[in-house]
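The numbering used here numbers the first residue of the sequence shown as 931 and each following residue consecutively. The C-beta atom is built at its ideal place from N, Cα and C for all residues, glycine as well. Keep in mind that this is a model prediction, so the values were computed, not measured. One structure is given below, encoded as structure tokens.
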Amino acid sequence: YELWSIADQVRDYHKKFPGAEISFSLGSNSSVIKDLALGKLDLAVLCSFGVELNPGLVSKVISTEPCMLMISAGHPLARQESINVRDLKGLPIVVNRAQDNLSSASQIAGMYFNMGLGNNKRIYADDFYSLTLIIRSGLGISMVPRSMSKWGLDGVVLRQIHGFHAKARTQIVYSDGCQ
């Protein structure tokens, strides 16, 4: 599944149940998982590393896709279709604060460390849109799922990194009583 497929499913659900109230909210992984456990949400779609679920919650992976480098379209490296990781040393890495659980944060840090980028400066963004604006401004780089290339984000490009094969997982999370 990609984001567009999920949107199609929401549209189909709305057609079947036109009186159903559908609302969307954006939050950090831990706040969304907490709201699911409290019954404030029925379903969540998360794309992250190392999601830690509360008891009574179930997750199903709905897609797995390669991670790619997001870089400003104006950066000289953006002209290349594939980038060598050694060319990224010293470039600040933009990290989304929404990946706020310890397991996720440590896996992301480990990914950059294993790429040889453990000493690169970090810039923290509160959400994906802030992350994108920082990168568009040429202030840093980040790893994102390949499907984001279809989001029509002006001023940034996604590029492969030689020899880098990490995968992003998108999963749905819900109460085990909703199966």
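Contact under 9 Å by Cβ, Ser993 with Ser1060 = No.
Give the range of the alpha helix (DSSP H) segment to which Ser960 is assigned.
-> Asn959 to Ala967
Pairwise C-alpha distance: Pro985 and Ser953 | 24 Å
Alpha carbon of Tyr1042 to alpha carbon of Pro1022, nearest angstrom = Put simply, the backbone Cα of Tyr1042 is about 11 Å away from that of Pro1022.
Taking all protein chains shown into account, do 16 or more other C-beta atoms lie within 10 angstroms of the C-beta of Ala950, making it buried, or fewer, making it exposed?
-> exposed
Just grab the DSSP bridge partners of Pro1075 for me.
-> Cys997
Own chain partners of Gly1046 with C-beta closer than 8 Å, once the 5 adjacent residues on each side are dropped | Answer for Gly1046: Val1015, Arg1016 and Lys1019, listed in chain order.
Are Val1065 and Val1025 close, meaning C-beta to C-beta below 9 Å?
-> It is worth fixing the name first, because residue 1065 is Ile in this sequence and not Val. No, these two residues do not count as a Cβ contact at 9 Å.
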